[in-house]
Amino acid sequence: MNRREFPRRRKKLMDMMGDDSVAIIPTSPVYIRNRDVEFPHRPDSDFYYLSGYPEPEAVMVLIPDRYHGEFVLFCRERDEKMETWTGRRAGLEGACELYGVNDAFPIEDMDDILPGMLEDRERIYYTMGNDSLFDQRVLGWVNQVRKQVRTGINAPDEFISLNHLLHEMRLFKSRPEISAMKKAAKISCHAHKRAMEVCRPGMMEYHIEAELLHEFMSQGSRFAAYPSIVGSGENGCILHYTENNRQMCDGDLLLIDAGAEFDGYASDITRTFPVNGNFSKEQKQIYNIVLEANQEAIKEVKPGNHWNDPHDVAVEILTEGMLSLGILKGTLKSQIKEASYKKYYMHRTGHWLGMDVHDVGDYKLEGEWRKLEPGMVTTIEPGLYFQPQHGLAKKWWNIGIRIEDDVLITNDDNEVFSKDAPKAVDDIEALMGASMAA
Ligand code: GLY
Ligand code: MN
Ligand code: MN
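With the sequence shown counted from 1, adding 82 to any position gets you this note's numbering.
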């Protein structure tokens, strides 16, 4: 990320917070996977958005108009022995030099130093509820300041969640953010194509996951944005299936929902294709309904439309398609009203996308679906999932299809970041056919 982004974001946030306030933003805790083994550290998105600081065990404090500097960081000190075991640290000096911190303190000293930074500030911006132990510490610091009122020091008496101001900022992507998201989507498109090319009946789902990860990492994405979903046959009907340990059979569909993370930004792309390279008649019938829903919903992603417009269009096309195949019975109007589609389409058509795969930002303002505006990025991901227990004719069983794209709202229309991942039946069959013939 362009280094100039971070001070720009901090300034914008502090301008909105106003003087008399202070913001406290911890990064993610270190999570233990099992004894002596940690999960790879991923900085908290709010924290990283404002700091660019990648190490664990850090808390940033933003103090508008503070004489000694507005950007304070509590972080790990340099430690030769620990660095030999667990990796390099920027230390206090590095935090200032590399990340633009004005004042860096050892994280161990936070309980002693931070309460003084709350003195005579009226408002604390802090998001409660993510980490109850940290919440208790923040309350403890405030209480410490309150005890000094008789000495003339005022304690903050307003707690405000940072979410409203910060998440509204994160919802609108800047140029460097859009570049990172495009790159993440481009890498993912290569990965989806590679999956189509290598897939053969008899392989395990995790063999395909390995191909996706290989493509992500070899193109500069160090981590997937979320665990890859590689679901064949009946597993395609499990929305967030991640076991990925079934042997794929001739005649199965394979649903892959996988996206690379690049420079802290997610992509989130789903493609569904036949394991043997050719759609059966029924698979193609359902696939083309979902594809039409995807394409028509994308057309609704433009400035001025409401957040729910793409979903409404997708629901109409999916319902109409199921009526035409006799899967649903009745009229289009009655079936939409009764929401009978929900048995086979139980999720919504999209969500905001950004640093988090299900990104932050309100969907409604004052009780109404908000309008789409340039700079927002959403997914469009209609699907249909038919399981044996639904009681439909056997020919529909285990058809699970989702087609998901990442879409930026531009000044007058939209831009699909994930357009290079094939999704037309002919394009998928041609790509798979060519690789099988080679
Ligand atoms: N990959 C999760 C989702 O599509 O929302
Ligand atoms: Mn999604
Ligand atoms: Mn997805």
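In this text, a Cβ means the ideal position worked out from N, Cα and C, and glycines have one as well.
For residue i, three-class secondary structure by DSSP
i, result
"PHE121", "coil"
"PRO504", "coil"
"PRO188", "strand"
"PRO392", "helix"
"VAL280", "helix"
"GLU343", "strand"
"ASP116", "The identity of residue 116 in the sequence shown is Asn, whereas the question assumes Asp. Strand."
"LYS264", "helix"
"LYS384", "coil"
Nearest-angstrom Cα separation, counted from residue j out to residue i
i, j, result
"GLY530", "ALA396", "Residue coverage of the chain in this structure runs from 83 to 520, which leaves residue 530 outside it and unanswerable."
"MET142", "ASP488", "31 angstroms"
"VAL224", "LYS453", "39 angstroms"
"MET192", "LEU95", "23 angstroms"
"LYS384", "LEU447", "18 angstroms"
"LEU410", "PRO470", "16 angstroms"
"GLN367", "ASN317", "20 angstroms"
"GLY386", "TYR207", "32 angstroms"
"PHE298", "SER310", "11 angstroms"
"ARG484", "LEU513", "19 angstroms"
"LEU180", "ARG124", "19 angstroms"
"GLY359", "ALA306", "26 angstroms"
"TYR467", "CYS319", "5 angstroms"
"ALA105", "GLY302", "33 angstroms"
"PRO456", "ASP502", "22 angstroms"
"LEU294", "VAL231", "59 angstroms"
"LEU221", "MET98", "23 angstroms"
"TRP389", "GLU201", "42 angstroms"
"TYR149", "ASP101", "12 angstroms"
"ILE399", "GLU420", "15 angstroms"
"LEU474", "GLN365", "14 angstroms"
"GLU342", "GLU259", "The residue asked about is misnamed: residue 342 is Ala in this sequence, not Glu. If you take the alpha carbons of ALA342 and GLU259, they lie about 15 angstroms apart."
"ASP128", "ILE107", "8 angstroms"
"PHE499", "LYS264", "6 angstroms"
"SER133", "ASP217", "21 angstroms"
"ASP444", "HIS433", "10 angstroms"
"ALA520", "ASN493", "44 angstroms"
beta-carbon residue i near ligand 3 non-hydrogen atom, thresh 8 angstroms
i, result
"GLY318", "no"
"ILE380", "no"
"ASP339", "yes"
"ILE351", "yes"
"VAL439", "yes"
"ILE311", "yes"
"GLU152", "no"
Near ligand 1: residue i beta-carbon under 8 angstroms from a heavy atom
i, result
"TYR308", "yes"
"ASP488", "no"
"ILE290", "no"
"GLU463", "yes"
"HIS296", "no"
"HIS274", "no"
Host beta strand (DSSP E) of residue i (start-end)
i, result
"VAL489", "487-491"
"ALA140", "Careful: ALA140 lies outside any beta strand (DSSP E) and carries neither H nor E."
"ASN245", "Looking at the DSSP string, ASN245 is not in any beta strand (DSSP E); the run it does join, the alpha helix (DSSP H), is 245-253."
"ASN496", "496-498"
Extent of the continuous alpha helix (DSSP H) to which residue i belongs
i, result
"GLY222", "214-228"
"TYR130", "127-133"
"GLY173", "173-181"
"ILE380", "363-381"
"SER416", "414-420"
Residue i beta carbon near ligand 2 (any heavy atom closer than 8 angstroms)
i, result
"HIS393", "no"
"HIS433", "yes"
Exercise. Taking contact to mean at least 3 C-beta pairs separated by less than 8 angstroms, is the segment 326-338 in contact with the segment 374-384?
Worked result: no
Exercise. Are the segment 344-353 and the segment 266-284 touching by the rule of at least three beta carbon pairs closer than 8 angstroms?
Worked result: yes
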